[in-house]
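Reading through the structure tokens given below for one structure.
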Amino acid sequence: MVDKFPVIEKWKDDDFPLYHFPDGEPQGLEVHPSYVGEYRYVIEVCPFRAWSLLLHHQKDYSLVNAYNLSLMSILTYAEDTEDYLGSVTNLFQKQLLDLSHSPHRVNDQSFSPVVYDVPFSDRYTEVVYIDSNKQEVPQGHTQLFYVANKKEVIIGWRGTEMTETKDLLTDGTFQPLELGCIPKGVCSGFSEKGKVHKGFWDAFHLVTEIQVPKRDDGKTVFAHIIELTQNKKLFVCGHSLGGALALLHSTQLKPYNPCLYTYGMPRLFTQSAVQELTEITHYRHVNEDDFVPSVPFNKDMDNISLQADDKFVGYAIEVFDTAIGTSLSIAGALTAKSVKSLSRDNDPFLHHGKLVYFYALPDSESKLYLLPELNEKTRKETKEFIEQQTKVDKYREQEIRSFFQGDENPTGKRGTGLLDHSSALYAEYIDKRLRELCTLSPDKKLQKKQEDLSFLESEPHSIRAVFQRKKIREYYFLREIDNQLMMTLEVTKNDIRGSIALQRYSEKR
Numbered sequence: 000m001v002d003k004f005p006v007i008e009k010w011k012d013d014d015f016p017l018y019h020f021p022d023g024e025p026q027g028l029e030v031h032p033s034y035v036g037e038y039r040y041v042i043e044v045c046p047f048r049a050w051s052l053l054l055h056h057q058k059d060y061s062l063v064n065a066y067n068l069s070l071m072s073i074l075t076y077a078e079d080t081e082d083y084l085g086s087v088t089n090l091f092q093k094q095l096l097d098l099s100h101s102p103h104r105v106n107d108q109s110f111s112p113v114v115y116d117v118p119f120s121d122r123y124t125e126v127v128y129i130d131s132n133k134q135e136v137p138q139g140h141t142q143l144f145y146v147a148n149k150k151e152v153i154i155g156w157r158g159t160e161m162t163e164t165k166d167l168l169t170d171g172t173f174q175p176l177e178l179g180c181i182p183k184g185v186c187s188g189f190s191e192k193g194k195v196h197k198g199f200w201d202a203f204h205l206v207t208e209i210q211v212p213k214r215d216d217g218k219t220v221f222a223h224i225i226e227l228t229q230n231k232k233l234f235v236c237g238h239s240l241g242g243a244l245a246l247l248h249s250t251q252l253k254p255y256n257p258c259l260y261t262y263g264m265p266r267l268f269t270q271s272a273v274q275e276l277t278e279i280t281h282y283r284h285v286n287e288d289d290f291v292p293s294v295p296f297n298k299d300m301d302n303i304s305l306q307a308d309d310k311f312v313g314y315a316i317e318v319f320d321t322a323i324g325t326s327l328s329i330a331g332a333l334t335a336k337s338v339k340s341l342s343r344d345n346d347p348f349l350h351h352g353k354l355v356y357f358y359a360l361p362d363s364e365s366k367l368y369l370l371p372e373l374n375e376k377t378r379k380e381t382k383e384f385i386e387q388q389t390k391v392d393k394y395r396e397q398e399i400r401s402f403f404q405g406d407e408n409p410t411g412k413r414g415t416g417l418l419d420h421s422s423a424l425y426a427e428y429i430d431k432r433l434r435e436l437c438t439l440s441p442d443k444k445l446q447k448k449q450e451d452l453s454f455l456e457s458e459p460h461s462i463r464a465v466f467q468r469k470k471i472r473e474y475y476f477l478r479e480i481d482n483q484l485m486m487t488l489e490v491t492k493n494d495i496r497g498s499i500a501l502q503r504y505s506e507k508r
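Numbering (numbering that gives the first Met the number 0), first residue to last: 0 to 508.
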């Protein structure tokens, strides 16, 4: 039926997709009349379609977004070799073009993203990988990829590689730089207030002058991304250092309404800057006691020595102005506090974005998926249930506030878990919960135990009240928030493409 190769719009490779064109040379199909009897010919027609990642561009949290973008954050760590199963090019130009099975390899990890099929013309036609260290004049160690189809653009930034000294130096160069157009300010263009982590700012701007590979027009990467983003839905993601770079990029792309999901990212901006950037949709995931979201510390980390370019003394002051520094030298700590008192600033590093916390309950194997910022419907349902309990409402508010500190790290996070930082651990837990919810009947509700909690008011200082309050916080209120996770799948299940995609996804592995 096909006797020649078609002209495929924006197809750049010499070879055609193997799934759709298994024969090296199309020969067509000859049918000869039979004189022996009647024959019936059954011809299998290959649909000219491709896979596309399912994503929802919205303000509310989406569990499918969290999962697929966590996989994209893993993908950023892959070297871009076409023959490497799981590389950027391999995923978008090989796996997503093979409808014989779902994509299954992301870097060196086995994961099946949630995908749906689209016409071949709606595939990802732009696939670009950038490494600042592999330019004609290598600079630093910053990597990203971006892909685009007719409707969406996805950008992923690579995080810290523990074997790369340049990455570790980037992380440690925490000096706060003024964002405004003032002497020694970086003139960011998106905020005149607040400060930014110098190492992350410098790493991000290594890409500024890099040109798009395999193009002759000299267009830079950032200009190309802005060109692609016109009239498209924009998604940005990153893990660790990559999360900080993704947030920086999102501030640059703020006019294009980025939807940002980050995993285990450190603090990037100071409080004054964060307050200027509240319009950006950003969900920030923290896994258990992951150490990286605890740095730079939630304090003002600027001083007169750093401002005078005396870096050695300036960084030493900030180190000694911590609990670690005090344990090393009391004299050093006192000196640091004295120098810090001379600074007029009080602009601490602060997290941007809405917190999503994976909380391992103490003395338990249970792990909760907590979204303090629930959508309006979820918040209403949670409140309606809890208000039925005797004298509980105000205690609920007190306990939740005592655990969550706005969008900062929760009080239950100890900040010492280096082993909790892996990008794969983030994806594995999201994958686990998504699969659980895909198999859970929509009308199935967890039993909510009714308790008489009036003694919390009548005996607030009793031993019973103290211990019960802790239990309520960890096993009652937080579980109730965890139980609402199903709500974040509504937008997917109410979409016919999403419903089919979830069914296909849940049948894999």
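Even glycine gets a Cβ: it sits at the ideal position worked out from N, Cα and C.
Note that this is a predicted model, so its numbers are computed, not measured.
Helix, strand or coil for Gly85, going by three-state DSSP, please let me know. coil
Within this structure, are the beta carbons of Trp156 and Gly241 separated by less than 7 Å? With contacts defined by Cβ atoms closer than 7 Å, Trp156 and Gly241 form a contacting pair.
Any alpha helix (DSSP H) of 4 or more consecutive residues that is wholly inside the region 64-147: 87-92
Can you tell which of Ser342, Tyr18, Leu62 and Met485 has its C-alpha closest to the C-alpha of Val44? Tyr18
Any idea which residues DSSP pairs Ala49 with across the strands? Val117
From Asp170, Pro182, Glu160 and Leu227, residue whose alpha carbon lies closest to that of Trp200: Asp170
Would you kindly report the start and end of the unbroken beta strand (DSSP E) that includes Gly155? Glu151 to Trp156
Sequence-distant residues of its chain with Cβ nearer than 8 Å to Asn230 (five each side left out): none
Throw me the rounded Cβ distance for the Cys258 and Leu233 pair, which I believe falls under 8 Å. With a beta-carbon spacing of about 7 Å, Cys258 and Leu233 fall inside the 8 Å limit used to define contacts.
Using DSSP's beta-bridge definition, name the partner residues of Tyr255. Tyr255 is not bridged to any residue.
In terms of alpha-carbon separation, which member of Asn482, Cys437, Glu435 and Val291 lies closest to Gly416? Checked all of Asn482, Cys437, Glu435 and Val291; the closest Cα to Gly416 is Val291.
Going by other Cβ atoms of all chains shown within 10 Å of its Cβ, with 16 needed for buried, is Lys58 buried or exposed? exposed
Strictly by DSSP, which residues pair up with Phe15? Answer is none; Phe15 lacks a bridge partner.
For His284, count the other beta carbons within 10 Å of its own beta carbon; 16 or more makes it buried, fewer makes it exposed. Which is it? buried
Using 10 angstroms around the beta-carbon of Pro371, count the other beta-carbons present and answer buried if the total reaches 16, otherwise exposed. buried
Mind checking who Asp289 pairs with in its DSSP beta bridge? Gly416, per the DSSP bridge assignment.
How about Ala500 and Leu53: are their beta carbons less than 7 Å apart? yes
In angstroms, rounded to a whole number, what distance separates the CA positions of Tyr76 and Ile42? 43 Å
By a C-beta neighbour count over all protein chains shown, 10 Å radius and 16 as the cutoff for buried, is Ala147 buried or exposed? Classification of Ala147: buried, given that the 10 Å Cβ count is 16 or more.
Restricting to runs no shorter than 4 residues, where is the alpha helix (DSSP H) found entirely within the region 175-253? 197-203, 220-228 and 240-251
Could you tell me whether the region 126-140 touches the region 204-216, using the rule of 3 or more Cβ pairs below 8 Å? With contact defined as three or more Cβ pairs closer than 8 Å, the region 126-140 and the region 204-216 are in contact.
If you drop the 5 nearest sequence neighbours on each side, which residues of the same chain put their C-beta closer than 6 Å to that of Val63? Leu53, Val113 and Thr491
Tyr115: which of Gln502, Glu506 and Arg496 sits nearest, CA to CA? Arg496
So what does Lys353 bridge to, in DSSP terms? Tyr282
From this set, Asp320, Tyr255, Tyr40 and Tyr66, which residue's C-alpha is nearest Lys298's C-alpha? Asp320
Can you tell me which of Leu68, Gln108, Thr124 and Asp79 puts its alpha carbon nearest to the alpha carbon of Leu95? Thr124
Selected residue, minimal CA-CA separation from Lys336, among Tyr260, Lys507 and Ala315: Ala315
Am I right that Leu433 and Tyr66 are in contact with their C-beta atoms under 8 Å? What's the rounded C-beta distance? About 5 Å separates the two Cβ atoms, so the contact holds.
Tell me whether Leu370 sits in a helix, a strand or coil according to DSSP, three-state version. coil
Could you tell me which residues DSSP pairs with Thr487 in its beta bridges? DSSP, once it has assigned bridges, lists no residue as partnering Thr487.
If you count every other CB in all the chains shown that lies within 10 Å of the CB of Asn493, and 16 or more means buried, which is it? exposed
For Leu445 and Asn345, I'd like the C-alpha separation in whole angstroms. Because the pLDDT of Leu445 is 45, which lies under 50, any placement of that residue in the model is unreliable, and the number read from its coordinates should be weighed accordingly. One alpha carbon belongs to Leu445, the other to Asn345, and they sit about 46 Å apart.
Can you tell me the Cα-Cα spacing of Asp107 and Thr250, whole angstroms? 31 Å
8 Å contact criterion, which Met300 and Phe348 should meet: CB distance rounded: 6 Å
7 Å Cβ cutoff met for Val355 and Tyr282: With respect to Tyr282, Val355 sits close: the two C-beta atoms are nearer than 7 Å.
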